[in-house]
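Using the numbering used here, the letters of the sequence shown map in sequence onto residues 277 to 538.
For each residue, glycine too, the CB sits at the ideal point set by N, CA and C.
Shown next, in structure tokens, is the structure this report addresses.
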Amino acid sequence: MTEVGTITKPLADISVLVTRPLDQSVRLMQRLQDLGAEVIAFPALTIIDTQRPEALKQRLAEIEHYDWIVFVSPTAVQFGLAALRQIAPASIAKINAAAVGAGTASALRTAGCSNVVVPESGADSEDLLALPEFADLSGRRVLILRGEGGRELIADTLRARGAQVDYAECYRRVCPVTDPAPLVAALAAQRIQAVTVFSSETLDNLLRLCDSAADALRALPLFVPHGRIAEHAKALHFILPITTAPGESGVVAGLVEYFHHD
Numbered sequence: 277m278t279e280v281g282t283i284t285k286p287l288a289d290i291s292v293l294v295t296r297p298l299d300q301s302v303r304l305m306q307r308l309q310d311l312g313a314e315v316i317a318f319p320a321l322t323i324i325d326t327q328r329p330e331a332l333k334q335r336l337a338e339i340e341h342y343d344w345i346v347f348v349s350p351t352a353v354q355f356g357l358a359a360l361r362q363i364a365p366a367s368i369a370k371i372n373a374a375a376v377g378a379g380t381a382s383a384l385r386t387a388g389c390s391n392v393v394v395p396e397s398g399a400d401s402e403d404l405l406a407l408p409e410f411a412d413l414s415g416r417r418v419l420i421l422r423g424e425g426g427r428e429l430i431a432d433t434l435r436a437r438g439a440q441v442d443y444a445e446c447y448r449r450v451c452p453v454t455d456p457a458p459l460v461a462a463l464a465a466q467r468i469q470a471v472t473v474f475s476s477e478t479l480d481n482l483l484r485l486c487d488s489a490a491d492a493l494r495a496l497p498l499f500v501p502h503g504r505i506a507e508h509a510k511a512l513h514f515i516l517p518i519t520t521a522p523g524e525s526g527v528v529a530g531l532v533e534y535f536h537h538d
């Protein structure tokens, strides 16, 4: 740790690999740099529009017939509401929105959603399903906005509680086409002290893209905001997966706690 005037830099001399899509990582990279870290950006996930835009439009055209609209991530807010603005922009302020996590709730409120429920703690499907609003959904209609594919837990549980559940798949996740050579060289030179990953799919892509440096990646502390990602990392033979508190802030706090030494 170093200090500049009265400003503490707990991540000084630490190089952190950031693997989020570039448009989602700007704030994270700035926060890490403000704490003194050197940031190496290597997006290992790309998020693009759905392959079925007409199906999405048809579903969103009926949005006012649903009792609840569930958003599984800030990305679902970004892509889902962008599509909704083209169809029925006035609906955004009227829907009853449910958010999986505080980051998703913040994105909804910023976008103009007035009625948002979110778990007080946690950022998981299980936390959302524990809300009293979803205890009994007999006769209710629920629309889940998500990427193509994903967990079925929310839909299966809500159906078991009496709801009619539909999906509006508004984006897809793909492995980027990129040159891994600079990252492979940085790993070989031991220039990186920590890796951050926000999804299991990102981790899979990272190993695929940097296959020749996979062992070097596995040897580094890996900071992830959810236990499921940590379990996936263990299955992929990462030596030190570290589960932080949820979201970007949780990962930043986890890095500071791990590397901060008085």
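Compute the Euclidean distance between the alpha carbons of residue i and residue j, then round it to the nearest angstrom.
| i | j | result |
| --- | --- | --- |
| P297 | R328 | 22 Å |
| L413 | R448 | 29 Å |
| I518 | V500 | 6 Å |
| V473 | T322 | 13 Å |
| A375 | P350 | 9 Å |
| L483 | K370 | 43 Å |
| A511 | P365 | 44 Å |
| T284 | D310 | 9 Å |
| L498 | I290 | 14 Å |
| T326 | P452 | 16 Å |
| P522 | H502 | 6 Å |
| L479 | G423 | 17 Å |
| A461 | R361 | 44 Å |
| A411 | A465 | 53 Å |
| G426 | A359 | 20 Å |
| G312 | V292 | 10 Å |
| R342 | D299 | For the sequence presented, residue 342 should be read as Tyr rather than Arg. Roughly 31 Å between the two C-alpha positions. |
Reducing DSSP to helix, strand and coil, say where residue i ends up.
| i | result |
| --- | --- |
| G423 | strand |
| L304 | helix |
| K285 | strand |
| E314 | strand |
| D343 | coil |
| S397 | coil |
| T326 | coil |
| I368 | helix |
| V453 | coil |
| T433 | helix |
| S414 | coil |
Please check the pair residue i and residue j, which I expect to be a contact at CB under 8 Å, by giving their CB distance rounded to whole angstroms.
| i | j | result |
| --- | --- | --- |
| V346 | V418 | 6 Å |
| A378 | V394 | 6 Å |
Are residue i and residue j closer than 8 Å when you measure CB to CB?
| i | j | result |
| --- | --- | --- |
| E524 | L304 | yes |
| L308 | V315 | yes |
| P286 | F535 | yes |
| P456 | L485 | yes |
| V441 | I420 | yes |
| A439 | R416 | yes |
| L434 | L463 | no |
| I260 | A387 | Missing from the structure shown is residue 260; the chain here goes from 277 to 538 and no further. |
Buried or exposed, going by whether 16 or more other CB atoms sit within 10 Å of the CB of residue i?
| i | result |
| --- | --- |
| A436 | exposed |
| L357 | buried |
| H508 | buried |
| R335 | buried |
| A406 | exposed |
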